[in-house]
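> Numbering-wise, the UniProt record's numbering puts 328 at position 328 of the sequence shown, and it's gapless, one number per residue.
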Amino acid sequence: MTILTELYNMSEVQNTQLKIFQEKRQKEQHYKNSALSTYANQKVEYSSAQIDMVDIIQTNEKVKLDMEVQRENGHISADEDNLNVCERGVLKLQKACYNFIKAKKKAMKYMIYALLVAAYFVYFGYAIYYRFGDEGSHRLLGFTIFAVVLIIGKIFLNAYNVKVDTFLHCVETLLKSNRSMKVRTFTRWFLKVGVVIFLVVYIVMDIAIEEPRNLISVAGLMLYVMIFYVTSVNPSKINWHPVFWGIALQYIFALLILRTKWGYHIFQWLGDRVTEFLEYTMAGVIFVFGDLWFHHFVAFKVLSIVVFFASFVNIMYFLGVIQFLVRHIGLFLSFCMDTSPAESVNAAGNIFVGMAEAPLMIRPFLEDMTKSELHAVMTGGFATVAGNVLGAYIQFGVPANHLISASVMSAPASLAISKLAYPETEQVRTLSRDFSRMGKSQDRNLIEAASAGATASIKLVGAIAVNLIAFLSLLEFVNATLVWFGDRVGVHELSFQLICSYILYPVAFFMGTAPEDCRKVAELIGIKIFTNEFIAYEVLKDLISNRHKLENYTGIFNGTGPWSWQGDDIVLDITNETLTGGVISARSEVISTYVLCGFSNFGSIGIALGVMGSLAPKRKQELSKLVMRAMIAGNVACILTASIASLLYKEF
1 MTILTELYNM SEVQNTQLKI FQEKRQKEQH YKNSALSTYA NQKVEYSSAQ
51 IDMVDIIQTN EKVKLDMEVQ RENGHISADE DNLNVCERGV LKLQKACYNF
101 IKAKKKAMKY MIYALLVAAY FVYFGYAIYY RFGDEGSHRL LGFTIFAVVL
151 IIGKIFLNAY NVKVDTFLHC VETLLKSNRS MKVRTFTRWF LKVGVVIFLV
201 VYIVMDIAIE EPRNLISVAG LMLYVMIFYV TSVNPSKINW HPVFWGIALQ
251 YIFALLILRT KWGYHIFQWL GDRVTEFLEY TMAGVIFVFG DLWFHHFVAF
301 KVLSIVVFFA SFVNIMYFLG VIQFLVRHIG LFLSFCMDTS PAESVNAAGN
351 IFVGMAEAPL MIRPFLEDMT KSELHAVMTG GFATVAGNVL GAYIQFGVPA
401 NHLISASVMS APASLAISKL AYPETEQVRT LSRDFSRMGK SQDRNLIEAA
451 SAGATASIKL VGAIAVNLIA FLSLLEFVNA TLVWFGDRVG VHELSFQLIC
501 SYILYPVAFF MGTAPEDCRK VAELIGIKIF TNEFIAYEVL KDLISNRHKL
551 ENYTGIFNGT GPWSWQGDDI VLDITNETLT GGVISARSEV ISTYVLCGFS
601 NFGSIGIALG VMGSLAPKRK QELSKLVMRA MIAGNVACIL TASIASLLYK
651 EF
């Protein structure tokens, strides 16, 4: 019995060993086949021990990978095995909190937003109740309404973006039907005739009677339209609809801003608020440069404002405010002028940002744009200035309200003059639903957006500084050279400004500038075109300052203070002060503000080609052929804006 039992046990052991051996051989064969298939090219045969080692390494690597994934997700600690009881308890609590927040993240985010909104409206209600009627309460009410509209609009677009695009596409399709086209054509002509009758009656009954000299700018408008019609790429293909409505929108904007008291006061208030906002730059200026910053006004004050405003604009871009405004202004321009979504959005974007930033909003469309659209995009950049440098011009004493209105008015002007110079002859590929395909901020949070905006302005600040140094130095060299050549033939005080004052005199005159100021305005236009608008505004600043000094001087002596002309300079006899360059009237100051408000100069051609070429590298050759015409068109767009401002100018 014992022997039988031992034999049975031995048999069981052998069977067990045999099973283990068979399983091991199967496992070895599996890994061997796997290894041979992987390293067949190397023809390497592995022993069972090596295969076991490979198995162990693969298992360890899998465990390590799982551990790393869990650590990244916050589930375990790297030193969890070495923790004591207290530390393990804290770790479990952290895990529980993390998992709860992760599961309820969306609900908690909306709860925080709801609490913040509720807290704000509690404050808003009490603030209105506590004090209402002053400027501050109106400001609080206005910004609150704007913020509510912005938030509701953003939520609506995010929730129904596809439906909105579909609706716009349906409207576009409906408008292109035969019956709709007839109604649309009749409506367009009815509106055009109505606008023309209104403008003619208003000009004759109001402007012609009160300020007949303002009518000179009407002749200027007609002259520039005629010149661009004759020199157009394809005059027979010109669509007069965007040309008409571009100029009409300019006129309507100018009418509201310059001829109505409420419109003038709104933009005056807006300009004052912008000026007030920019003064916060002084906190950083004084901290970095000290109390003697005013010894270097341009370097320490003006360029610092560019940094501050660039940071603010980038924050607004991160929050979606810029995109919201640009999208709806672009929709408005496209509806009125029948321009494509891409070029309309770009024109609207140029109101707020510069020629380098606005094309980023329409980057997805650039490669497929027609030549006419590319020309319109570049013209819009040349016809306006960036919001970053707008604050710098305000520091020069240029009226903020007119700078802001010039940026708004130049948007439709750029589209109008562009479609006149380079009419559309190709099939436009962008549709109404493409308004939602705008560029978004790449910043991850508000702090990064503020820092990125300030950092990005370094290049702009450096470009402004070196251009000022270079162009002012070159201008002085050119003037010295012209003086030398002039002296050889008996012509004294020959200068670049003097040449521009005569060559560009007709331009200034047909904008409605007073004859006594035409040469000064012509000088400013020449400086803007051949150097840049920054230097031109600096010269304008001196002329404005001289006028204020002369007014104060004559006011002290009840208008009888003796002064005299000495060439183009004014000498104040009693104080023995010389006002270099003379003065400029308030009317000519406004005209100059509008005509200089654009990047249309030879230096900006390189910027336009660099930016557009990097965004649409396949279109570089076409862009290089269009850029000079676009720069000229940008200048004329600024001239049209100044002409309409001159036509409707009225002192309140």
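Backbone N, C-alpha and C fix where the C-beta goes; we use that ideal spot for every residue, glycine too. All values reported here derive from a predicted model rather than from experimental measurement.
Within 10 angstroms of its Cβ, does residue 738 collect 16 or more other Cβ (buried), or is it exposed?
Examination of residue 738 is not possible in this model, given that the chain is present from 1 through 652 alone.
> Please state the DSSP three-state secondary structure of D368.
In the sequence shown, the residue the question calls residue 368 occupies position 368. In this structure, D368 counts as helix in the three-state DSSP scheme.
> Quick one: Cα of I207 to Cα of Y224, how far?
Taking the first residue of the sequence shown as 1, we reach residue 207 at position 207. Taking the first residue of the sequence shown as 1, we reach residue 224 at position 224. Spanning the two alpha carbons is a distance of roughly 21 Å.
> For G330, collect the residues of the same chain with a Cβ closer than 6 Å to its Cβ; drop the 5 residues on either side in sequence, then sort them by chain order.
In the sequence shown, the residue the question calls residue 330 occupies position 330. So the list reads S344, V345 and A348, once near-sequence residues are dropped.
> Using only alpha-carbon positions, find the residue among G526, A480, P515 and F509 that is nearest to Q497.
In the sequence shown, residue 497 corresponds to position 497, counting from 1. The shortest C-alpha separation from Q497 is found at G526.
> Quick check on this structure: which residue in N532, Y120 and V521 has the alpha carbon closest to the alpha carbon of L543?
Counting from one through the sequence shown, the residue named residue 543 turns up at place 543. The candidate whose alpha carbon is nearest that of L543 is V521.
> Can you tell which of A107, V385, G284 and S405 has the C-alpha that lies nearest to the C-alpha of I266?
Sequence index remark: in the sequence shown, residue 266 carries index 266 (1-based). It is S405 whose Cα lies nearest to the Cα of I266.
> By the DSSP assignment, the alpha helix (DSSP H) with A250 in it spans what residues?
The sequence position of residue 250 within the sequence shown is 250, counting from 1. Per the sequence shown, the amino acid found at residue 250 is Gln instead of Ala. That run of the alpha helix (DSSP H) goes W240 to A254.
> How would you label T260, buried or exposed, when you count the other beta carbons within 10 angstroms and need 16 or more for buried?
Looking up residue 260 in the sequence shown gives position 260. T260 is exposed by the Cβ-count criterion.
> Just verifying my parser: in three-state terms, what is the DSSP assignment at S564?
Here residue 564 refers to the residue found at position 564 when the sequence shown is read from its first residue. Of the three classes helix, strand and coil, the one that applies to S564 here is strand, per DSSP.
> Pull up the distance between the alpha-carbon of F602 and that of I535, whole angstroms please.
Locating residue 602 in the sequence shown gives position 602, where the first residue counts as 1. Locating residue 535 in the sequence shown gives position 535, where the first residue counts as 1. C-alpha separation (whole angstroms): 14 Å.
> Taking the straight line between their C-alpha atoms, what separation do you get for W565 and Y553?
In the sequence shown, the residue the question calls residue 565 occupies position 565. In the sequence shown, the residue the question calls residue 553 occupies position 553. Their Cα atoms are separated by approximately 15 Å.
> According to DSSP, simplified to helix, strand and coil, what is I525?
Residue 525 sits at position 525 when you count from the first residue of the sequence shown. It is helical.
> Taking the continuous beta strand (DSSP E) assigned at E577, which residues delimit it?
One-based indexing of the sequence shown puts residue 577 at position 577. That run of the beta strand (DSSP E) goes E577 to L579.
> Which full runs of the alpha helix (DSSP H) of 4+ residues lie inside the segment 568-635, going along the chain?
Correct list: 586-596 and 602-615.
> For I362, collect the residues of the same chain with a Cβ closer than 6 Å to its Cβ; drop the 5 residues on either side in sequence, then sort them by chain order.
Position 362 of the sequence shown holds residue 362. A342, V345 and N346, listed in sequence order.
> V489 by DSSP, collapsed to three states: which one?
In the sequence shown, counting from the first residue as 1, residue 489 sits at position 489. Coil, per DSSP.
> How would you label N548, buried or exposed, when you count the other beta carbons within 10 angstroms and need 16 or more for buried?
Within the sequence shown, numbered from 1, the residue matching residue 548 stands at position 548. Per the sequence presented here, residue 548 reads as His, with Asn not at that position. It counts as exposed.
> So, is E367 buried or exposed, given that buried needs 16 or more other C-beta atoms within 10 angstroms?
Sequence index remark: in the sequence shown, residue 367 carries index 367 (1-based). By the 10 Å Cβ count, E367 comes out exposed.
> Just how far apart, CA to CA, sit D573 and W563?
Residue 573 sits at position 573 when you count from the first residue of the sequence shown. Residue 563 sits at position 563 when you count from the first residue of the sequence shown. Rounded to the nearest angstrom, the two C-alpha atoms are 5 Å apart.
> Within 10 Å of its beta-carbon, does residue 664 have 16 or more other beta-carbons around it, so buried, or fewer, so exposed?
Limits of the chain in this structure are 1 at one end and 652 at the other, which puts residue 664 out of reach.
> So, does the segment 275-287 touch the segment 302-320, judging by three or more C-beta pairs under 8 Å?
Short answer: they touch.
> Since N234 and A452 are thought to touch, with beta carbons under 8 Å apart, how far apart are those beta carbons, to the nearest angstrom?
Here the question's residue 234 lines up with position 234 in the sequence shown. Here the question's residue 452 lines up with position 452 in the sequence shown. N234 to A452, Cβ: 43 Å. No contact.
> Would you mind working out which of I101, A421 and L215 sits nearest N239, comparing C-alpha positions?
Position 239 of the sequence shown, counted from the start, is the residue given in the question as residue 239. It is A421 whose Cα lies nearest to the Cα of N239.
> Can you find at least 3 beta carbon pairs, one from the segment 630-646 and one from the segment 210-226, that sit closer than 8 Å?
Yes: at least three Cβ pairs fall under 8 Å.
> Would you report the Cα separation of A416 and N445, rounded to the nearest angstrom?
Locating residue 416 in the sequence shown gives position 416, where the first residue counts as 1. Locating residue 445 in the sequence shown gives position 445, where the first residue counts as 1. Approximately 39 Å between the Cα atoms of the pair.
> Can the beta-carbon of residue 678 be found closer than 8 Å to that of F297?
Because the chain spans 1 through 652 in this model, residue 678 falls outside it and cannot be assessed.
> Can you give the beta carbon distance from A449 to F318, rounded, assuming they're within the 8 Å contact cut?
By one-based count along the sequence shown, residue 449 stands at place 449. By one-based count along the sequence shown, residue 318 stands at place 318. That pair is a contact at about 4 Å.
> In whole angstroms, what is the alpha-carbon distance linking R429 and M409?
One-based indexing of the sequence shown puts residue 429 at position 429. One-based indexing of the sequence shown puts residue 409 at position 409. Each residue's Cα considered, the two are about 27 Å apart.
> Quick one: what's got a C-beta closer than 6 Å to I503's C-beta in the same chain, skipping five residues either side?
Reading the sequence shown from its first residue, position 503 is the one you call residue 503. Hits under 6 Å: none found.
> Quick one: using the 10 Å Cβ neighbour count with 16 as the cut-off for buried, is R488 buried or exposed?
As a first step, residue 488 must be located in the sequence shown, where it is residue number 488. By the neighbour-count rule (16 or more Cβ atoms within 10 Å), R488 is not buried but exposed.
> In angstroms, rounded to a whole number, what distance separates the CA positions of Y251 and L199?
Within the sequence shown, numbered from 1, the residue matching residue 251 stands at position 251. Within the sequence shown, numbered from 1, the residue matching residue 199 stands at position 199. If I take the Cα positions, the gap works out to 9 Å.
> Excluding five sequence neighbours on each side, which residues of the same chain lie with their C-beta closer than 7 Å to the C-beta of residue 680?
Summary: the structure shown does not reach residue 680, with the chain confined to residues 1 through 652, and so no result is reported for it.
> Report all residues from its chain with a CB closer than 8 Å to the CB of I151; omit the five preceding and five following residues, and keep chain order.
Residue mapping note: residue 151 aligns to position 151 of the sequence shown, counting from 1. Around I151: no qualifying Cβ.
> Reducing DSSP to helix, strand and coil, say where L223 ends up.
Indexing the sequence shown from 1 puts residue 223 at position 223. Correct three-state label for L223: helix.
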